[in-house]
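Engineer:
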Amino acid sequence: MEARSYMKLTLGSILLHLIIQRIQMHVCLCIRESEKAKILCKVDGTDMAEHLRIRLKKEEAHLYTNIKDA
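Quick note, the sequence shown lines up with residues -25 to -1, 1 to 45 if you use mature numbering (1 follows the signal peptide of the UniProt record, and there is no 0).
Written out as structure tokens, the structure reads:
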């Protein structure tokens, strides 16, 4: 029986690890208006990792349509 409970624990920990990898974490921050300039900075496309830029472009692709003028 010990082997069986060890196997369940191992399988459970593997499943938990896989679930944690797939969860997207969202964080809510409250910033005082007076501290805003110290904390926030300008962000452009070069600040994002390339794989995230590609993913964002694919996710937003349905919002745009190419029209050919004849």
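Every residue, glycine too, gets a C-beta built ideally from N, C-alpha and C.
1) Just mark M(-25) as buried or exposed, buried being the case when its beta carbon has 16 or more other beta carbons within 10 Å.
2) Straight-line CA distance for D19 to I(-7)?
3) At which residues does the alpha helix (DSSP H) containing A45 begin and terminate?
4) Tell me, please, whether the CB atom of T40 is closer than 8 Å to any CB atom in chain B?
Structural biologist: Considering the structure as presented:
1) Confidence is the limiting factor: at M(-25) the pLDDT is only 46, short of 50, which leaves the residue's position unreliable, though a coordinate-based value still follows. The residue in question, M(-25), is exposed, as its Cβ has fewer than 16 Cβ neighbours within 10 Å.
2) 31 Å
3) Per DSSP, A45 belongs to no alpha helix (DSSP H) and is neither H nor E.
4) No chain B is part of this structure, which consists of one protein chain only.
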